[in-house]
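Here's the structure, in structure tokens; my notes come after.
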């Protein structure tokens with residue numbers, strides 16, 4: 001009897017052992033596999049939630065503002081003086097100032113950035129590229145306040161030396177320096193797009209008797225065009241949102257003007273001015289910064305959509 | 001140096017040595033390549049056949065660390081002498097690559113690219129060049145109604161014929177084909193081979209192939225390379241039926257490579 005018990009017992013053990021030792025038994029803990037997707041999802045969700053939070057605050061406060069100030073006055077008005085009587089809430093002077101800065105910045109950054117990208121991707125020996133590219137990327141890490149003082153203490157005197165009627169604060173100096181600031185971005189992103197153009201396309205053109213310049217201009221740039229446009233639009237958005245340089249160097253005079261030598265105010269600089277001032281929270285004056293912020297948001301948002309459309313429209317598949 | 005066939009010599013390669021850095025890729029290569037015929041370079045991978053092909057239109061110039069000794073003359077002109085314009089040389093020595101590499105443009109613009117580079121902008125003249133080049137590459141009938149479509153809408157074989165047409169559009173004397181069928185299916189390969197047969201009446205064709213059956217099928221003379229050296233150079237028929245060198249025989253009978 002004990003014998004029999006022993007034998008059934010041991011045969012049961014054998015079966016169990018066999019079960020445990022089958023070829024596909026679980027060797028690793030699957031706990032991590034269960035936790036990780038959840039943890040990673042939470043990380044992603046956090047940033048999305050933050051974005052939603054920002055947009056919701058913006059919309060809420062903007063709505064509140066437009067309960068007190070008619071939307072039509074805001075969107076059609078040509079005078080912006082929300083802090084001084086008689087108050088006026090026309091956004092156009094700020095948009096005009098912002099666009100003036102941005103256009104000047106892009107006129108500086110896109111040609112120079114593109115030219116340096118063409119040099120780095122098509123002409124520069126590997127050694128030069130390996131040195132220049134990191135330096136260029138360091139330039140992108142310089143704090144913008146430093147650029148602001150660079151504008152005020154170096155570019156502005158030069159600009160005033162050339163144009164006698166330029167003010168101490170003027171759109172041109174600030175725009176040029178914003179442009180210098182975004183050159184590395186244009187250059188780096190365009191260069192990436194150009195380097196990604198397959199070697200075989202260049203070979204095909206060289207074999208037809210194209211010079212380096214012709215290959216760069218007629219093969220590489222068109223093939224990388226969507227990337228180049230994307231870099232330009234990103235630079236444009238970056239210039240629109242730039243704050244420190246314009247606060248320091250462009251002045252604080254909202255003005256509907258196309259003259260780059262005058263002092264202007266951008267949307268971002270206005271927001272800084274109000275945030276730092278003693279404007280009471282909850283007042284109409286304070287509400288303006290949300291309306292201005294919302295305008296900025298809508299403009300950048302539309303630009304991004306435009307960028308995607310342009311990039312898709314002109315894409316040359318390879 | 002050996003001279004073959006009744007056709008006149010067009011390309012004369014004289015004691016050519018080529019180095020990639022310290023690597024001696026071509027060793028004392030001397031060849032005379034006749035005009036208006038197909039010459040095939042065969043040999044195992046890394047034997048220098050593609051390297052030699054790329055010296056003929058100086059595409060090797062673009063690889064840093066390349067050094068050349070000896071000379072190559074085309075129609076009697078040393079193509080490595082200082083006063084040779086590389087772009088003009090490449091216009092005269094067209095090239096088709098292993099992978100079809102059409103530009104990301106329309107079929108029409110692919111063909112017109114070369115002529116435009118060399119200063120032809122007249123619309124009627126371009127139309128004419130596009131049509132004759134596509135006809136020469138036996139592609140016209142297939143694409144004449146779709147000239148504005150992207151070159152990428154074509155099949156691999158059609159793309160390769162487009163690349164041949166593109167090379168022909170700048171009116172070269174010589175056409176280099178660097179394993180031009182190795183990425184293609186058998187039917188497309190056959191079409192390219194037939195095309196090469198037609199083109200050899202008007203152009204001098206030099207083709208590199210890893211496929212010796214292809215060399216045997218289409219070429220007039222064949223060069224067998226091994227380790228950067230020319231082992232044997234002869235009429236294709238003779239080289240394949242009655243090779244003089246043991247190594248050639250071993251290679252063509254499939255004992256190595």
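Residue numbers (full-length UniProt numbering), protein chains in the order written: chain A, 1 to 318; chain F, 1 to 257.
Just so it is clear, CB atoms sit at the ideal spot from N, CA and C, and this is done for glycine as well.
Could you work out which residues of chain F lie near residue i, taking near to mean beta carbons separated by less than 7 Å?
i                      : result
residue 223 of chain A : 104
residue 200 of chain A : 97, 99 and 101
Which partner residues of residue i appear in the DSSP bridge assignment?
i                      : result
residue 24 of chain F  : F:19
residue 282 of chain A : In DSSP, residue 282 of chain A forms no bridge with anything.
residue 40 of chain F  : F:207 and F:222
residue 233 of chain F : F:223
residue 172 of chain F : In DSSP, residue 172 of chain F forms no bridge with anything.
residue 12 of chain F  : F:32 and F:73
residue 83 of chain F  : In DSSP, residue 83 of chain F forms no bridge with anything.
residue 314 of chain A : Answer is none; residue 314 of chain A lacks a bridge partner.
residue 68 of chain F  : F:18
residue 80 of chain A  : A:89
residue 78 of chain F  : F:73
residue 168 of chain A : Residue 168 of chain A pairs with nothing; no bridge assigned.
residue 60 of chain A  : None, per the DSSP bridge assignment.
residue 93 of chain F  : F:174
residue 106 of chain F : F:150
Under 9 Å between beta-carbons, which chain A residues line up against residue i? List them in chain order, please.
i                      : result
residue 117 of chain F : 205, 208, 209, 210, 211, 214 and 218
residue 88 of chain F  : 209
residue 170 of chain F : 208 and 209
Taking 8 Å as the threshold (beta carbon to beta carbon), is residue i in contact with chain B?
i                     : result
residue 94 of chain F : Absence of chain B from the displayed structure is noted, the protein chains being A and F.
Quick one: what's got a C-beta closer than 6 Å to residue i's C-beta in the same chain, skipping five residues either side?
i                      : result
residue 312 of chain A : none
residue 129 of chain F : 115 and 169
residue 228 of chain F : 25, 26, 27 and 48
residue 143 of chain F : 107
residue 242 of chain A : 178
Which chain A residues are close to residue i, counting only those with a beta carbon under 7 Å from its beta carbon?
i                      : result
residue 218 of chain F : What residue 218 of chain F touches in chain A: nothing, since even the nearest Cβ is about 21 Å away.
residue 57 of chain F  : 207
Excluding the 5 residues preceding and the 5 following residue i in the sequence, name in chain order all residues of the same chain whose CB lies nearer than 7 Å to its CB.
i                      : result
residue 241 of chain F : none
residue 293 of chain A : 58 and 271
residue 94 of chain A  : 80, 254, 265, 266, 267, 270 and 292
residue 70 of chain F  : 14, 15, 16 and 17
residue 7 of chain F   : 34, 35, 36 and 37
residue 305 of chain A : none
residue 216 of chain F : 236 and 240
residue 189 of chain F : 181
residue 158 of chain A : none
Please return the same chain residues whose Cβ sits closer than 8 Å to the Cβ of residue i, not counting the five positions on each side in sequence.
i                      : result
residue 3 of chain F   : With a pLDDT of 49 at residue 3 of chain F, under the threshold of 50, the modelled position of this residue cannot be trusted; read the value that follows with caution. Only 9 and 32 meet the Cβ criterion.
residue 245 of chain F : 224, 231 and 232
residue 254 of chain F : none
residue 161 of chain F : 137, 138, 139, 191, 192 and 195
residue 75 of chain F  : 10 and 173
residue 67 of chain A  : none
Residue i versus chain A: which residues are under 8 Å apart at the beta carbon?
i                      : result
residue 166 of chain F : 204 and 208
residue 113 of chain F : 205, 208 and 218
residue 91 of chain F  : 208 and 209
### Query
Given 8 Å as the limit, is there contact between the stretch 163 to 182 of chain F and the stretch 128 to 135 of chain F, that is, 3 or more CB pairs closer than that?
Between the stretch 163 to 182 of chain F and the stretch 128 to 135 of chain F there are three or more C-beta pairs closer than 8 Å, enough to call the two in contact.
### Cβ pair count under 8 Å reaching 3, the stretch 107 to 125 of chain A against the stretch 171 to 184 of chain A
Yes, they touch.
### Message
Below 8 Å, how does it come out for the stretch 215 to 225 of chain A and the stretch 141 to 161 of chain A: are there three or more Cβ pairs, yes or no?
### Response
The stretch 215 to 225 of chain A vs the stretch 141 to 161 of chain A: no contact.
### Message
Which complete alpha helix (DSSP H) runs does the stretch 109 to 161 of chain F hold, if anything under 4 residues is left out?
### Response
Counting only runs of 4 or more, we get 123 to 136 and 140 to 143.
#### Entry: Length-filtered (4 minimum) alpha helix (DSSP H) runs lying within the stretch 94 to 127 of chain A
The alpha helix (DSSP H) runs of length 4 or more contained entirely in the stretch 94 to 127 of chain A do not exist; there are none.
### Task
Would you check if the stretch 69 to 77 of chain A and the stretch 244 to 251 of chain A touch, i.e. whether three or more CB-CB distances between them fall below 8 Å?
Contact between the stretch 244 to 251 of chain A and the stretch 69 to 77 of chain A is absent, because fewer than three Cβ pairs lie under 8 Å.
### Residue ranges of each alpha helix (DSSP H) within the stretch 202 to 276 of chain A, 4 or longer
Within the stretch 202 to 276 of chain A, the complete alpha helix (DSSP H) runs of at least 4 residues fall at 212 to 215, 225 to 241, 244 to 249 and 267 to 276.
### Message
Assess contact between the stretch 203 to 212 of chain A and the stretch 54 to 62 of chain F, defined as three or more Cβ pairs (one per stretch) separated by less than 8 Å. Is contact present?
### Response
Taking a cut-off of 8 Å for Cβ pairs, the stretch 203 to 212 of chain A and the stretch 54 to 62 of chain F touch, as three or more such pairs fall below it.
### Task
Evaluate the contact criterion for the stretch 102 to 110 of chain A versus the stretch 169 to 180 of chain A: three or more CB pairs, one atom per stretch, below 8 Å.
The stretch 102 to 110 of chain A vs the stretch 169 to 180 of chain A: in contact.
### Query
Touch check for the stretch 44 to 59 of chain A and the stretch 272 to 289 of chain A: three-plus C-beta pairs under 8 Å?
Taking one beta carbon from each stretch, the stretch 44 to 59 of chain A and the stretch 272 to 289 of chain A have fewer than 3 pairs nearer than 8 Å; the two do not touch.
### Message
Tell me whether the stretch 195 to 209 of chain F and the stretch 172 to 187 of chain F touch, counting them as touching only if at least three CB pairs, one residue from each stretch, are closer than 8 Å.
### Response
Three or more beta-carbon pairs separated by less than 8 Å link the stretch 195 to 209 of chain F to the stretch 172 to 187 of chain F, which places the two stretches in contact.
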